[in-house]
Amino acid sequence: MMLTLLISGPKQPGNDIDVYLEPLIDDLKSLWVGIRGVYDAHNGEYFTLRAALMWTINDFPAYGNLSGCVVKGYKACPICGDDTICGDDTPSHRLKNGHKICYIGHRKWLPINHPYRRQRAAFNGKPEYGIPPEPLTGEEVLHMVENGDRVCWKKKSIFFDLEYWKYLPVRHALDVMHIEKNVCDSIIGTLLEIPGKNKDGIAARLDLLNIGVKTDLQPKYGERRTRLPPGPWNLSRAEKREVCNSFYGMKVPEGYSSNIKNLVSLQDSRLLGLKSHDCHTLMQQLLPVAIRSVLEKPARYMKVLKGYVQNRTRPEVGVPSSQKMGVSKPLSGCTNTEEVLHYIEQHMIHIKTAYPKFRKRTKWLQDKHNSTFIQWLRFKVQSELEEENHGVSENLRWLAAGPNMAVPLYRSYLIKGIKFNIKAQDDVRTTQNSGVYLLAHTMQVASAKDKNPILSNMGFYGVIQEIWDLDYQKFTIPVFREYNDVIGDEVLGDMIIECEPFTRGMPNVDTFDKLVGELGGQNIRGGCEDIWIE
């Protein structure tokens, strides 16, 4: 049995957490020795039950209390604890105006050829060529603290009283959600200039000036007030309202997060009452969506976007211009099963044999397949059923026979524990479960006249308008139907879903430094009000 310990540090300053942990350590020692005579009902025998503590999960201050490592000051290095790292070579720097210590060597943990290593202007004005240190093992840490070599260690951890503790590769872990909430609060507070959470100010601008980064953002002192030029992270009042309105109008699936609408204050453009899980969803998905419309886009960055375009005759799309995909009702019910894939391949061979003049016209072959496959499959399965030892499964037999023409409609449908709604159902709810995504191996065409389509994986997005339940006598198959008001169903079929841009791979993107150089090193954001401080 392996255990995980979640613990936070002592609340009262001066209290030694080891006093609270001594009873726990005694219990862990007893569990490691084992509990004899535990009966295994499955195997019908007795055994000795042992339990070991795998690691602790805690915030950063508690990390120092539990591990005995220094977590503040110039030599705070909880990762490796090596003299050469935690000593004079520790990449720590004290901010003269912010009165805090920052650690600027984090890029050394990136891959050796990562573009961030070469960037200067976006970081501390210098490239990074260092390599990450090797983390110390538990035995190395124990040897250091027992021999008084405590450059980065303030005490010997009480967990080393456990005989197996020094052999564990990971002994302490940080609570990522706790850290992510702190980062999210700082980012949201800086973007929306929330008092008490805004990390931008005179001290921050002066510290940037001292290390030679974004020097054009230095404060401008007046007789009574100080002006801070707007930086790339500053938003105008209208932009703040736009971001908050984006959050206010968001609907997320059930159980995804809190109701984002209730966290937005439109009067003073703030986000209030964010929980740890809310911050996680904001950082991972929602914030990029809400802020994309107000992000500054350098004109020269267009050459980066051009790298994504495959179809250069339609650069505004960057993917095949047929942005809609159509699937017929019967076809959508049976082609998504493993048993039918073999018959799809046979049918394509049959078409190429029957129409040799069109065997190289991929789009024509696909259209012919879509229009004739259902009828061909029905006759193919019927002929196989007449043979002995045909091997046709019961499911395939009913699939080929086709569904009942009386199709029931549902407003909600539960599939593998996930609830799907039609859009009309979501319109009257605070959550939305009508959005769907499909990754399909399909054709990409530049236009309706394109004779050379490309077969590849493509992602499709859609909003469910109707939920059908196709009845095949022995089983049912739910089908999501989405309409389009511009293109009729008679053109593209019954299931129409939006297509996302597709690229074979990421293009070569110029580094931030080159873009900054072409823009003249300007960091002051245009169209944004200046920041005045009394």
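For the sequence shown, the tail end lands on 532 under our numbering, and the numbers increase by one without skipping. In this text, a Cβ means the ideal position worked out from N, Cα and C, and glycines have one as well.
To the nearest angstrom, report how far apart Val241 and Phe356 are at their CA atoms.
Here the alpha carbon of Val241 sits roughly 53 Å from the alpha carbon of Phe356.
Trp53, enclosing beta strand (DSSP E) - first and last residue
Unbroken beta strand (DSSP E) run through Trp53: 50 to 56.
Under 9 Å between C-beta atoms of Leu93 and Asp25
Result no, Cβ atoms of Leu93 and Asp25 do not sit closer than 9 Å.
When you compare the CB positions of Lys249 and Gln430, do they come within less than 9 Å of one another, or not?
Result yes, Cβ atoms of Lys249 and Gln430 sit closer than 9 Å.
Answer with buried or exposed for His170, where buried requires no fewer than 16 other C-beta atoms within 10 angstroms of its C-beta.
When all chains shown are included, His170 counts as buried.
Can you round the beta-carbon distance between Gln364 and Met441 to whole angstroms, since I take them to be within the 8 Å contact cut?
Taking a contact as a CB-CB distance under 8 Å, the pair Gln364 and Met441 counts as one, their CB atoms being some 6 Å apart.
With a threshold of 16 other CB atoms inside 10 Å of the CB of Ser391, please say whether the residue is buried or exposed.
Flag for Ser391 reads exposed.
Consult DSSP for Trp530 and reduce its assignment to one of helix, strand or coil.
The three-state secondary structure of Trp530, taken from DSSP, is strand.
Span of the beta strand (DSSP E) around Arg479
Counting along the chain, the beta strand (DSSP E) containing Arg479 begins and ends at 474 to 479.
Going along the chain, which residues of its own chain have a beta-carbon closer than 8 Å to the beta-carbon of Lys70, five neighbours each way excluded?
The residues are Gly62, Ile99.
With C-beta atoms as the reference, is Trp231 less than 9 Å away from Asp198?
Result yes, Cβ atoms of Trp231 and Asp198 sit closer than 9 Å.
Closest by C-alpha distance to His348, when choosing among His367, Arg48, Ile102:
Nearest C-alpha to His348: His367.
How would you write the range of the beta strand (DSSP E) that His91 sits in, first residue to last?
Looking at the DSSP string, the run of the beta strand (DSSP E) that includes His91 is 90 to 92.
Separation of Arg235 from Pro193, as counted between CA atoms
Each residue's alpha carbon lies about 15 Å from the other.
Pull up the CB-CB distance for Tyr420 and Ile475, whole angstroms please, since I reckon it's below 8 Å.
Note that residue 420 corresponds to Ile in the displayed sequence, not to Tyr. About 17 Å; that fails the 8 Å criterion.
Pairwise C-alpha distance: Ile129 and Ile110:
Answer to the nearest angstrom: the Cα atoms are 8 Å apart.
Note the first and the last residue of the continuous alpha helix (DSSP H) segment covering Cys182.
Per DSSP, the continuous alpha helix (DSSP H) segment holding Cys182 begins and ends at 174 to 189.
Per DSSP, Asn419 forms a beta bridge with which residues?
Ser410.
Inspect the beta-carbon positions of Glu562 and Cys277 and report whether they are closer than 9 Å.
Residue 562 lies beyond the range of the chain shown here (-1 to 532); nothing can be said about it.
Distance between beta carbons of Asp159 and Ile23, contact taken as under 8 Å
That belief holds up - the Cβ atoms of Ile23 and Asp159 are roughly 5 Å apart, short of 8 Å.
Where do the ends of the alpha helix (DSSP H) carrying Ile465 lie?
Counting along the chain, no alpha helix (DSSP H) covers Ile465; the unbroken beta strand (DSSP E) around it starts and ends at 464 to 469.
By a C-beta neighbour count over all protein chains shown, 10 Å radius and 16 as the cutoff for buried, is Met504 buried or exposed?
Because Met504 sits at a pLDDT of 36, beneath the cut-off of 50, its placement in the model cannot be relied upon, and the point is left open.
Alpha helix (DSSP H) segment containing Tyr246, residue limits:
Taken as a continuous stretch (DSSP letters only), the alpha helix (DSSP H) holding Tyr246 covers 235 to 246.
Please classify Met323 as buried or exposed, where buried requires at least 16 other C-beta atoms within 10 Å of its C-beta.
Caution applies to Met323, whose pLDDT of 34 falls short of 50 and renders its modelled position unreliable; the value that the coordinates give is listed next. So Met323 counts as buried.
Examine the Cβ distances between the segment 404 to 418 and the segment 378 to 390 and report whether three or more of them are shorter than 8 Å.
The answer is no - the segment 378 to 390 does not touch the segment 404 to 418, with fewer than three Cβ pairs under 8 Å.
How should Val287 be labelled, buried or exposed, when 16 other C-beta atoms within 10 angstroms of its C-beta is the threshold for buried?
Around the beta carbon of Val287, a 10 Å sphere encloses fewer than 16 other beta carbons of the protein chains shown; the residue is thus reported as exposed.
Going by CA-CA distance only, name the one from Asn243, Leu284, Gln282 that's closest to Asp266.
Nearest of Asn243, Leu284, Gln282 to Asp266, Cα basis: Asn243.
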